[in-house]
Ligand SMILES: NC(=O)c1ccc[n+]([C@@H]2O[C@H](COP(=O)([O-])OP(=O)(O)OC[C@H]3O[C@@H](n4cnc5c(N)ncnc54)[C@H](O)[C@@H]3O)[C@@H](O)[C@H]2O)c1
Ligand SMILES: [Zn+2]
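Residue numbers (this note's numbering): 125 to 528.
Here you go:
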């Protein structure tokens, strides 16, 4: 990182001498948006970011299959000195072994300190490559190219990298800023619809904590965005992504390193790690976030914090965009256990994020077993209602799309 400011001082005022080193590491990274597909020969963004540095490309295996040839043609034409490695983008493979494999490749190809790691893939690839970039030669430049919806609106934008270890979700990792992030919506054209829906859960999260306008947009157009994988109505699709990115970055502002453990962004991320791991990662990250948010919304209702109308609106939105509501891998004891784990993770305080109206949240420190049992039963009944023909919830409460 350039621009380091560190100063040394000798302090003799305390009886014995104290030698003090003080440092500040300013950093800046840009999130860029391409006008044409990123590997189009006329699109210079990636080539300009890499410039004349040697690059290690870390590719999600599915990206390698679909875009590998186009990437190599682009890289050759741009005269970039490149080495390629690919990894499994499955959650169950978000392991130290894959970080080691990337680092091993960097050593094998003698990637120099001024070289750059370029990760192209979903959240799993970005997390693994980011951690590898953090530890290789004590930190090397890192460029992200997110290719999934979660990557574009969440995992690609901050400075965190986490991997799973010892049965714990995201227990190892680093805070390490990328040098640049390059966003290209056209990648979503090849993403499975299940992963698009999973990504929408993170957008719903942003809407509930801070941006009800996003929820209204998704209520009107979410289904079309899923069906077209964000490729139709490009202005709307780009607007939804851009709004989500900005809401996320605004939330991260001032707390990138999470020194304040009261984070609205943790909405949907209290029960979800337990749900994901209990399912053996068969339940996707965004799906677990959707299930967690559903439980939390039900708890808010039980506590009288959220209005019935808003809860109905949210579950109607769930239905529109096909977000999963309930799960069968965690019972109330598991979910209570998850809260204890979260309490340890959040420095002893639960800081359970609950919406009090769309766009506003508060933090609760006490969630009881009856709260959870109520929420589990409530979510089961919502999901059951969804299976009944014509049993949509809260119809007519919101959802007029005339404004858009
Ligand atoms: N570090 C962070 O700040 C942060 C934030 C949010 C989520 N995450 C992590 O991100 C992960 C979830 O991200 P995800 O949903 O991107 O998962 P993912 O990386 O597993 O990608 C989902 C699947 O889609 C495939 N894929 C990705 N892009 C594709 C494309 N354009 N075309 C075809 N297939 C494609 C992948 O191979 C994978 O099978 C979780 O591990 C979560 O913990 C991290
Ligand atoms: Zn998440």
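C-beta atoms are modelled at their ideal positions from N, C-alpha and C, and glycine is treated no differently.
> Roughly how far, in whole angstroms, is the beta-carbon of residue 301 from the beta-carbon of residue 267, given that I think they are within contact range, below 8 Å?
Replying inline: With a Cβ gap of about 11 Å, residue 301 and residue 267 do not count as contacting.
> Can you round the beta-carbon distance between residue 322 and residue 274 to whole angstroms, since I take them to be within the 8 Å contact cut?
Replying inline: So it is a contact: roughly 7 Å between Cβ atoms.
> Can you tell me the Cα-Cα spacing of residue 194 and residue 187, whole angstroms?
Replying inline: Going from the Cα of residue 194 to the Cα of residue 187 covers about 10 Å.
> Are residue 488 and residue 427 close, meaning C-beta to C-beta below 9 Å?
Replying inline: The answer is yes: Cβ separation under 9 Å.
>> Am I right that residue 260 and residue 227 are in contact with their C-beta atoms under 8 Å? What's the rounded C-beta distance?
In response: Contact between residue 260 and residue 227 holds, since their C-beta atoms are separated by about 5 Å, short of 8 Å.
> Quick one, which of 207, 502 and 325 has its alpha-carbon nearest residue 236's?
Replying inline: Distance check between residue 236 and each of 207, 502 and 325 places 207 closest, using alpha-carbon atoms only.
> Hey, would you say the C-beta of residue 162 is under 8 Å away from at least one heavy atom of ligand 1?
Replying inline: Not so, every heavy atom of ligand 1 lies at least 8 Å from the Cβ.
>> Suppose you measure from the CA of residue 340 to the CA of residue 368; what does that come to, to the nearest Å?
In response: Rounded to the nearest whole angstrom, the CA to CA distance from residue 340 to residue 368 is 13 Å.
>> On a Cα-Cα basis, can you pick out the residue from 253, 190 and 192 that is closest to residue 217?
In response: Comparing alpha carbon positions, the residue from 253, 190 and 192 closest to residue 217 is 253.
> Apart from the five residues just before and just after residue 201, which ones in its own chain have a Cβ nearer than 7 Å to its Cβ?
Replying inline: 165.
>> Whole angstroms are fine: how far does the CA of residue 312 sit from the CA of residue 271?
In response: Rounded to whole angstroms, residue 271 to residue 312 spans 7 Å at the Cα level.
> If we ignore side chains and look at the alpha-carbon of each, how far apart do residue 134 and residue 143 end up?
Replying inline: Roughly 5 Å separates the two Cα atoms.
> So what's residue 299 in DSSP terms, helix, strand or just coil?
Replying inline: Shown here, residue 299 sits in a strand according to DSSP, grouped into three states.
>> Suppose you measure from the CA of residue 516 to the CA of residue 444; what does that come to, to the nearest Å?
In response: Residue confidence for residue 516 is low, a pLDDT of 46 falling below 50, so the modelled location carries little weight; the figure read from the coordinates is stated next. So the two alpha carbons sit approximately 10 Å from each other.
> What beta strand (DSSP E) runs, 3 residues minimum, are completely inside the segment 189–224?
Replying inline: For the segment 189–224, whole beta strand (DSSP E) runs of length 3 or above, ordered along the chain, are 206–211.
>> Quick check: residue 335 and residue 483, are their CB atoms within less than 9 Å of each other?
In response: Yes.
> Curious, which full-length beta strand (DSSP E) runs of at least 3 residues does the segment 234–314 contain?
Replying inline: Correct list: 240–245, 265–270, 284–289, 292–299 and 304–307.
> In chain order, what residues of the same chain lie with their CB nearer than 7 Å to the CB of residue 285, ignoring the 5 residues before and after it?
Replying inline: Setting aside the 5 residues that flank it on each side, residue 285 is surrounded in the same chain by 251, 254, 255, 258, 297, 298 and 300, each with a C-beta closer than 7 Å to its C-beta; the list follows chain order.
> Under the rule that 16 or more other beta-carbon atoms within 10 Å means buried, what is residue 502, buried or exposed?
Replying inline: It counts as buried.
> Where do the ends of the alpha helix (DSSP H) carrying residue 469 lie?
Replying inline: Here the alpha helix (DSSP H) through residue 469 covers 456–469.
> Cβ-heavy atom distance between residue 135 and ligand 1 below 8 Å?
Replying inline: Incorrect: residue 135 has no Cβ contact closer than 8 Å to ligand 1.
>> Excluding the 5 residues flanking residue 352 on each side, which residues of the same chain have their C-beta closer than 6 Å to its C-beta?
In response: Closer than 6 Å at Cβ, skipping near neighbours: no residue.
> Cα-Cα, which of 185, 276 and 282 is closest to residue 307?
Replying inline: The shortest Cα separation from residue 307 among 185, 276 and 282 belongs to 276.
> To the nearest whole angstrom, what separates the beta carbons of residue 416 and residue 392, a pair I think is in contact under 8 Å?
Replying inline: Rounded, the Cβ-Cβ distance is 5 Å, consistent with contact.
> What are the start and end residues of the alpha helix (DSSP H) that includes residue 147?
Replying inline: For residue 147, there is no enclosing alpha helix (DSSP H); the enclosing beta strand (DSSP E) covers residues 142–148.
> Expressed to the nearest angstrom, what Euclidean distance is found between the alpha-carbon atoms of residue 190 and residue 146?
Replying inline: Using only the alpha carbons, I get a separation of about 48 Å.
> In terms of alpha-carbon separation, which member of 221, 395, 439 and 320 lies closest to residue 365?
Replying inline: Looking from the CA of residue 365, the closest CA among 221, 395, 439 and 320 belongs to 320.
> Is residue 403 helix, strand or coil by DSSP?
Replying inline: It is coil, neither helix nor strand.
>> Going by the DSSP bridge assignment, what does residue 499 pair with across the sheet?
In response: According to the DSSP secondary-structure assignment, residue 499 is paired through a beta bridge with no residue.
>> Between the alpha carbons of residue 447 and residue 199, how many angstroms are there, rounded?
In response: So the two alpha carbons sit approximately 38 Å from each other.
> Roughly how many angstroms separate the alpha carbons of residue 526 and residue 316, rounded to a whole number?
Replying inline: Because the pLDDT at residue 526 is just 45, under 50, the model does not fix this residue reliably, and the value given afterwards should be weighed accordingly. When only Cα atoms are considered, residue 526 and residue 316 end up about 30 Å apart.
> Is residue 518 helix, strand or coil by DSSP?
Replying inline: Only weak support exists for where residue 518 lies, its pLDDT of 40 falling under 50; the coordinates are left without a value.
> From which residue to which residue does the beta strand (DSSP E) around residue 154 run?
Replying inline: For residue 154, the uninterrupted beta strand (DSSP E) run begins and ends at 154–157, by DSSP.
>> Which of the three DSSP states is assigned to residue 137 in this structure?
In response: Residue 137 falls in the coil class under three-state DSSP.
>> When you measure from the CB of residue 274 to every non-hydrogen atom of ligand 2, does any distance come out below 8 Å?
In response: Residue side-chain check: residue 274 places its Cβ nearer than 8 Å to a non-hydrogen atom of ligand 2.
> Excluding five sequence neighbours on each side, which residues of the same chain lie with their C-beta closer than 8 Å to the C-beta of residue 530?
Replying inline: Look at the range of the chain in this structure, 125 to 528, and you will see that residue 530 is not part of it.
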